[in-house]
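Residue numbering for the sequence shown follows this note's numbering, starting at 37 and increasing by one per position.
We treat Cβ as the ideally placed atom computed from N, Cα and C, and that holds for glycine.
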Amino acid sequence: NNCTCLRHSQSSLEKQELKKVNWNLQNGISSFSYWHQYTQREDFAVVVQPFFQNTLTPLNERGDTDLTFFSEDCFHFSDRGHAEMAIALWNNMESPYLYTLRNSRLLPDQAEEAPEVLYWAVPVAAGVGLVVGVIGTVVWRCRRGGRREDPPMNLRTVAL
């Protein structure tokens, strides 16, 4: 990751400025939701989800900023960052309005803890299911075909 603005210590001037800008942005968005044109409407609402309010930049094992949460431009989230924030947003949306979290509580890295998955099991199960289905259909048709009698032929019936 080429993001150099977050590589400095937690107390660097750049990081303090970034925190200030972030705080001002969050306050601006929150105050935006109280504008008269939005509070007086019954068909529209702005609800600020505060899960970002007290979130700190995640740290890696060495105590440095975990840059895997951010894209190359240091501004946007990476896939991992988007996944963590989507989970935090979803969890907050399921909470009652006044009881939402004020911190995203980032999840531990689950990639290390993933159980062993038998990737071959799904194709094998699908193949076995297909074979069982074909055999079942053939047996059913054979049993049904033996019981069926041909209709009696007369001069008015044409067999094709």
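Local Cβ density within 10 Å of residue i, reported as buried at 16 or more and exposed below that
{"i": "Thr104", "result": "exposed"}
{"i": "Ala157", "result": "exposed"}
{"i": "Asp102", "result": "buried"}
{"i": "Glu130", "result": "exposed"}
{"i": "Glu53", "result": "exposed"}
{"i": "Glu120", "result": "buried"}
Alpha-carbon to alpha-carbon, residue j and residue i
{"i": "Thr6", "j": "Cys110", "result": "The shown model of the chain, from 37 to 196, leaves out residue 6, and the question about it has no answer."}
{"i": "Val174", "j": "Asp79", "result": "59 Å"}
{"i": "Gly117", "j": "Gly163", "result": "38 Å"}
{"i": "Leu154", "j": "Thr75", "result": "53 Å"}
{"i": "Glu108", "j": "Arg77", "result": "40 Å"}
{"i": "Trp176", "j": "Val167", "result": "14 Å"}
{"i": "His112", "j": "Ala122", "result": "14 Å"}
{"i": "Asp115", "j": "Asn58", "result": "21 Å"}
DSSP bridge partner residues for residue i (one or two, in chain order)
{"i": "Phe113", "result": "Phe106"}
Whole-Å CB distance - residue i paired with residue j, under 8 Å assumed
{"i": "Leu125", "j": "Phe87", "result": "6 Å"}
{"i": "Gln62", "j": "Asn128", "result": "Wrong, their Cβ atoms sit about 14 Å apart, outside the cutoff."}
*Entirely enclosed alpha helix (DSSP H) segments - the segment 60-109, minimum 4 residues*: 72-75
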